[in-house]
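Written below as structure tokens is the structure these notes are about.
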Amino acid sequence: MWSTPSDMLKMASGVRSAYLGLDTNWITKATAQEILTNNTPSNKAPNVGIGFFINMDEDGEIVGFGHGGADKGFMSQLYIELDTGNGYAIMTNGDNGSQLISELEVRLKEALDVGYSQAEVIPLVPISQTQLSKYIGTYVVTDPVNVEMVLQEAKNGFVLNALPYIENERYFHEGDGRFFAKNGSSISFEIDDNGIVKTIVMDDDIRGEKKE
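Note that this note's numbering numbers the sequence shown so that position 207 is 207, with each residue one more than the last.
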């Protein structure tokens, strides 16, 4: 079903209104309360209702709710606050839209105090081209997909390509051989006893062996 950001906000606003006992013409208070009931065993994130992720405070009270969306060529994010009714719906027409969405969410929180995305400040640590060169190369990943990660030198970091999944993603050195991207991704390396880089590790999960 095709929808617009305005459509999504109207829908979320209707759920909020019904939950608070306000009249709506399409959803009852009981249904809205069922939708926004946390189905996880604790208040620790992520909290999940029916069709929405729920943002809860330390006392288990609902602060807001929302959900992301993704399909080939599209990325989106919806969020609305329970108390104020303020919220946002962001839709992007690209597979890499998550980076733009993350940036917008941080700016919305800073400017309007809407949402829960806080800016993370990571200091950039200079690295010489000599030090950097030992990480540069091609790494073979076999799980969860078969793909080659290709690292090309850039100032204080590198550009990573793992087509068709990742294209021209810029990573910056944060120290101790760890690198970060603006989309939140991180990369580290495993080095043998001779100081030779053998393995790349993305997000503490995806591993690739360096090609000789």
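Glycine included, each C-beta is placed from N, C-alpha and C at the ideal position. Quick caveat, the model's predicted, so the values are computed rather than measured.
Whose CA, out of the options, lies closest to the CA of residue i?
i, options, result
"residue 188", "143, 207, 106 and 182", "207"
"residue 24", "11, 34, 35 and 36", "11"
"residue 192", "101, 153, 209 and 179", "209"
"residue 58", "51, 68, 66 and 47", "47"
"residue 140", "129, 200, 15 and 177", "200"
"residue 130", "120, 156 and 138", "156"
"residue 63", "133, 205, 19 and 136", "19"
"residue 148", "177, 165, 95 and 26", "165"
"residue 180", "123, 31 and 145", "123"
"residue 35", "92, 53, 94 and 142", "53"
"residue 41", "80, 197 and 60", "60"
"residue 45", "51, 37 and 55", "55"
Any idea which residues DSSP pairs residue i with across the strands?
i, result
"residue 188", "201"
"residue 206", "202"
"residue 195", "DSSP lists no partner for residue 195."
"residue 62", "56"
"residue 47", "54"
Helix, strand or coil for residue i per DSSP?
i, result
"residue 10", "helix"
"residue 211", "coil"
"residue 35", "helix"
"residue 30", "helix"
"residue 70", "strand"
"residue 17", "helix"
"residue 41", "coil"
Assuming residue i contacts residue j (C-beta within less than 8 Å), just tell me the rounded distance between them.
i, j, result
"residue 117", "residue 183", "Contact flag wrong, Cβ pair sits at about 13 Å."
"residue 161", "residue 150", "5 Å"
"residue 85", "residue 170", "Not quite, the Cβ-Cβ distance comes to about 37 Å (not below 8 Å), so this is no contact."
"residue 78", "residue 67", "6 Å"
"residue 8", "residue 70", "Not confirmed; about 14 Å, so no contact."
Please confirm if residue i has its CB atom under 8 Å from at least one CB of chain B.
i, result
"residue 165", "This model lacks chain B altogether; it includes just one protein chain."
- Runs of beta strand (DSSP E) lying entirely within the region 131–182, each at least 3 residues, in chain order: 137–141, 147–154, 157–162, 166–175 and 178–181
- Query: Unbroken alpha helix (DSSP H) runs of length 4 or more, entirely within the region 72–136: which are they?
  - Reply: 97–112 and 129–133
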